[in-house]
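Chemist: Okay, here's the structure, questions in a sec.
2 protein chains.
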Amino acid sequence: MSHKPFHHGNLRAVLLDQAEQTLREGGIDALSLRELARKAGVSHGAPRSHFVDRQSLLDALAERGFNRLADEVEAVIGSDAADYKQRFRAIATAYVHFAVTDAALLDLMFTAKNGNAPEGLRAASERLFAAFGDLIERSTEAGELRPQDPYRLQLLFAAVMQGIASLVTTRRISAEDGDSLVDDAIALLVRQ
Amino acid sequence: MSHKPFHHGNLRAVLLDQAEQTLREGGIDALSLRELARKAGVSHGAPRSHFVDRQSLLDALAERGFNRLADEVEAVIGSDAADYKQRFRAIATAYVHFAVTDAALLDLMFTAKNGNAPEGLRAASERLFAAFGDLIERSTEAGELRPQDPYRLQLLFAAVMQGIASLVTTRRISAEDGDSLVDDAIALLVRQ
DNA sequence: CCCCTAACTAGACATTGACTACTTACTAGG
DNA sequence: CCTAGTAAGTAGTCAATGTCTAGTTAGGGG
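The following block contains the structure:
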């Protein structure tokens, strides 16, 4: 066991963690492959073994973000404590909270160039939207939502979430205003 | 009158125009100050006379974008042809159209780092949101909208527009689906 | 035990944003 | 009219970055 092993072991995960924090602290402009390599104590070419591109790193970050959000959302949906309207609210609050603490990451997840995204990223975002759809389906079955085209409502819910999040990340409204706006939106969407 | 005048005359406007087109064709990664200078036939330092920063160029582009959108929105509001619900729809359609044709620019207008935006950009975005507020106020006065907190509704409308636009720019839904989603949203927001 | 390959190093290159010193041409004031 | 003064543009430089290539190391499967 040398002091400085040639093989880092989990460089990919370390790079992603550091990148996420850099994103949090300095925004996307502060994110450079070479700087990440320096902080990880590896050569400037090392990241290339795990990410062919800078874009590939960004995609991986976005994918992670979607999965983290999907985890939270699925956890809320799976909980059987609250009624469905409260679950909508909980999800929306989690979304706003994500937007506040990881504004730059959310940007990355919804950037225009993600039109032709790699499979992993596409799947991860799909997972989040599918969770929305799942909640809507369950709510409708439970009779807490008036029957309607579930896909339309899913898209609308996703749009409202992302829209409010946009207002928050760009500092046009505060996190608190975001939360109360969420309440307004859900009152409109989920009323029976 | 030399063939190649030292003073370009309107370099700033030319740079902005070219930048906008580059943004449209190649996204934000294709946008470089030096490349713009080359295409404009000036030295690589010339843009600096008009934009201290690359960020300053991006801010100017975003500002332009907001003003263009605000122009369209105000034009719709000012027209006295249609009823108010139709005006909402027209605005939303214009918004979606903007998102389709200038996805990267819209990204720039709603990027997270615009939290501390320069005055001009802040004012331009304010103009757009104020137009939304204006339409809501007029609609309410005309009795076509049930009375409610106008500011909340303005934010909600803005959020829904931007949210749907996000789904479109990221290619999660088509422009057509965006339009019909807009109809759904307005049906919810504007029903009396 | 050895070898094959993934992981990493080291060096190079073009491009870019940013800074500086200098030059040009337009403009206003006498 | 001419002459400063200044805005606009030029040319050169620098550090940083993404990307590529050739070589090196380690570690696990046959």
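First to last, the protein sequences are chains Z and W. Taking my numbering, the leading residue of the first sequence gets 3, the next gets one more, and so forth. Taking my numbering, the leading residue of the second sequence gets 3, the next gets one more, and so forth. A virtual CB, placed ideally from N, CA and C, is assigned to each residue, including glycine.
1. Are there 16 or more other CB atoms within 10 angstroms of the CB of G11/W, so buried, or fewer, so exposed?
2. For L33/W, tell me which candidate among A83/W, L107/W and Y97/W has the shortest Cα-Cα distance.
3. For L35/Z, go through chain W and note every residue whose CB falls closer than 8 Å to its CB, in chain order.
4. Can you tell me which of the three DSSP states S81/Z falls into?
5. Examine the Cβ distances between the stretch 179-187 of chain W and the stretch 176-183 of chain Z and report whether three or more of them are shorter than 8 Å.
6. Taking R14/W as part of the alpha helix (DSSP H), name the residues at either end of that continuous run.
7. Take the Cβ of G80/W as the centre, count every other Cβ of all protein chains shown within 10 Å, and call the residue buried at 16 or more, exposed below.
8. If we cut at 7 Å on Cβ distances, does V162/Z have a partner in chain W?
9. Say whether chain Z places a C-beta atom closer than 7 Å to the C-beta of K41/W.
10. I want to verify the contact list: residues of chain W whose CB lies under 7 Å from the CB of D186/Z, in sequence order.
11. Tell me whether G43/W sits in a helix, a strand or coil according to DSSP, three-state version.
12. From this set, I166/W, D31/W and P49/W, which residue's C-alpha is nearest A161/Z's C-alpha?
13. Please name the residue in Q57/W, A62/W, M111/W and A114/W whose C-alpha comes closest to that of A15/W.
14. If distances are taken between C-alpha atoms only, which option among G28/Z, L130/Z and M163/Z comes closest to T95/Z?
15. What residues in its chain sit with their C-beta under 6 Å from that of F53/Z, if we drop five residues either side in the sequence?
16. Roughly how far, in whole angstroms, is the beta-carbon of L191/W from the beta-carbon of L158/W, given that I think they are within contact range, below 8 Å?
17. Once DSSP output is grouped into helix, strand and coil, what is the label at H52/Z?
18. Of all Cβ atoms in chain W, is any one closer than 7 Å to the Cβ of I166/Z?
19. Which residues, in order along the stretch 47-67 of chain W, keep a beta-carbon less than 7 Å from a beta-carbon of chain Z?
20. Tell me which residues share the same chain as G122/W and place their Cβ nearer than 7 Å to its Cβ, disregarding the 5 neighbours each side in the sequence.
21. Can you give me, in chain order, the residues of the stretch 116-131 of chain W that have a beta carbon less than 7 Å from any beta carbon in chain Z?
22. Can you give me the C-alpha to C-alpha distance between E74/Z and G29/W, rounded to a whole angstrom?
23. Can you give me the Cβ contacts of V170/W inside the same chain, cut-off strictly under 7 Å, excluding the 5 residues immediately before and after it?
24. Could you tell me the boundaries of the alpha helix (DSSP H) in which H99/Z lies?
25. I believe A77/Z touches A126/Z by the beta-carbon criterion, under 8 Å. Please report the beta-carbon distance rounded to the nearest angstrom.
26. Quick check: A114/W and D109/Z, are their CB atoms within less than 7 Å of each other?
27. Flag this pair as yes or no: are the beta carbons of R56/W and L25/W separated by less than 7 Å?
28. If you follow the alpha helix (DSSP H) that D31/Z is part of, which residue opens it and which one closes it?
29. For the stretch 170-182 of chain W, which residues have a beta carbon sitting closer than 7 Å to at least one beta carbon of chain Z?
30. Quick one: list the residues of chain W neighbouring D109/Z, beta-carbon separation under 7 Å, in chain order.
31. Among the residues of its own chain, which have a CB less than 6 Å from the CB of A48/W, if the five just before and after it don't count?
32. Kindly indicate the opening and closing residues of the alpha helix (DSSP H) around A187/W.
33. Helix, strand or coil: how does DSSP classify P120/Z here?
34. Assuming F90/W and I188/W form a contact by the criterion Cβ under 8 Å, report the distance between their Cβ atoms to the nearest whole angstrom.
35. Is it true that the CB of Q150/W sits closer than 7 Å to the CB of G135/W?
Modeler: This is what the structure holds:
1. If you number the second sequence from 1, residue 11/W lands on position 9. Counting Cβ neighbours within 10 Å, G11/W comes out exposed, since fewer than 16 surround it.
2. As a working mapping, residue 33/W is identified with position 31 in the second sequence. The candidate whose alpha carbon is nearest that of L33/W is L107/W.
3. On the first sequence, position 33 is the one that residue 35/Z refers to. Chain W residues near L35/Z: none, gap ~15 Å exceeds 8 Å.
4. For this step, residue 81/Z is matched to residue 79 along the first sequence. If DSSP states are grouped into helix, strand and coil, S81/Z belongs with coil.
5. no
6. Against the second sequence, residue 14/W aligns to sequence position 12. Counting along the chain, the alpha helix (DSSP H) containing R14/W begins and ends at L13 to G28.
7. Along the second sequence, read from residue 1 onward, the residue named residue 80/W stands at position 78. The residue in question, G80/W, is exposed, as its Cβ has fewer than 16 Cβ neighbours within 10 Å.
8. The residue labelled residue 162/Z in the question sits at position 160 within the first sequence. Closer than 7 Å to some Cβ of chain W, the Cβ of V162/Z qualifies, so yes.
9. In the second sequence, the residue the question calls residue 41/W occupies position 39. By this cut-off, K41/W is not an interface position.
10. Along the first sequence, one-based indexing puts residue 186/Z at 184. R154 and L158, listed in chain order.
11. Here residue 43/W is taken as the residue at index 41 of the second sequence, counted from 1. DSSP places G43/W in coil when its eight states are reduced to three.
12. Translated into the one-based positions of the first sequence, residue 161/Z becomes position 159. Among I166/W, D31/W and P49/W, the Cα nearest to that of A161/Z is on I166/W.
13. Mapped onto the second sequence, residue 15/W falls at position 13. With distances taken between Cα atoms, A15/W lies closest to A62/W.
14. For the purposes of this step, residue 95/Z is taken as residue 93 along the first sequence, with counting starting at 1. It is M163/Z whose Cα lies nearest to the Cα of T95/Z.
15. Along the first sequence, one-based indexing puts residue 53/Z at 51. Cβ neighbours of F53/Z beyond the five flanking positions: L59.
16. Against the second sequence, residue 191/W aligns to sequence position 189. Against the second sequence, residue 158/W aligns to sequence position 156. Contact flag correct, Cβ pair sits at about 7 Å.
17. Against the first sequence, residue 52/Z aligns to sequence position 50. It is coil, neither helix nor strand.
18. Translated into the one-based positions of the first sequence, residue 166/Z becomes position 164. By this cut-off, I166/Z is an interface position.
19. none
20. Residue 122/W sits at position 120 when you count from the first residue of the second sequence. Once the five neighbours on either side are set aside, the close Cβ partners of G122/W are E65.
21. N116 and G117
22. Along the first sequence, read from residue 1 onward, the residue named residue 74/Z stands at position 72. Along the second sequence, read from residue 1 onward, the residue named residue 29/W stands at position 27. Going by the C-alpha atoms only, they are around 32 Å apart.
23. In the second sequence, residue 170/W corresponds to position 168, counting from 1. Around V170/W: V98, A101, V102, A177 and G180.
24. Stepping through the first sequence from its first residue, residue 99/Z is reached at position 97. Y86 to T103 is the extent of the alpha helix (DSSP H) around H99/Z.
25. Within the first sequence, numbered from 1, the residue matching residue 77/Z stands at position 75. Within the first sequence, numbered from 1, the residue matching residue 126/Z stands at position 124. Not really, about 16 Å apart at Cβ, beyond 8 Å.
26. Here the question's residue 114/W lines up with position 112 in the second sequence. Here the question's residue 109/Z lines up with position 107 in the first sequence. Taking 7 Å as the Cβ cut-off, A114/W and D109/Z qualify as a contacting pair.
27. As a working mapping, residue 56/W is identified with position 54 in the second sequence. As a working mapping, residue 25/W is identified with position 23 in the second sequence. Going by C-beta atoms, R56/W is not nearer than 7 Å to L25/W.
28. Walking along the first sequence from the start, residue 31/Z turns up at place 29. Counting along the chain, D31/Z falls outside any alpha helix (DSSP H), and DSSP gives it neither H nor E.
29. T171, T172, R173 and I175
30. For the purposes of this step, residue 109/Z is taken as the residue at position 107 of the first sequence. Near D109/Z (Cβ distances below 7 Å), the residues of chain W are T113 and A114.
31. What you label residue 48/W is simply residue 46 of the second sequence in a count that begins at 1. Around A48/W: A39.
32. Position 185 of the second sequence, counted from the first residue, corresponds to residue 187/W. Looking at the DSSP string, the run of the alpha helix (DSSP H) that includes A187/W is A177 to L191.
33. Reading the first sequence from its first residue, position 118 is the one you call residue 120/Z. Of the three classes helix, strand and coil, the one that applies to P120/Z here is coil, per DSSP.
34. As a working mapping, residue 90/W is identified with position 88 in the second sequence. As a working mapping, residue 188/W is identified with position 186 in the second sequence. That pair is a contact at about 5 Å.
35. In the second sequence, residue 135/W corresponds to position 133, counting from 1. In the second sequence, residue 150/W corresponds to position 148, counting from 1. The answer is no: Cβ separation not under 7 Å.
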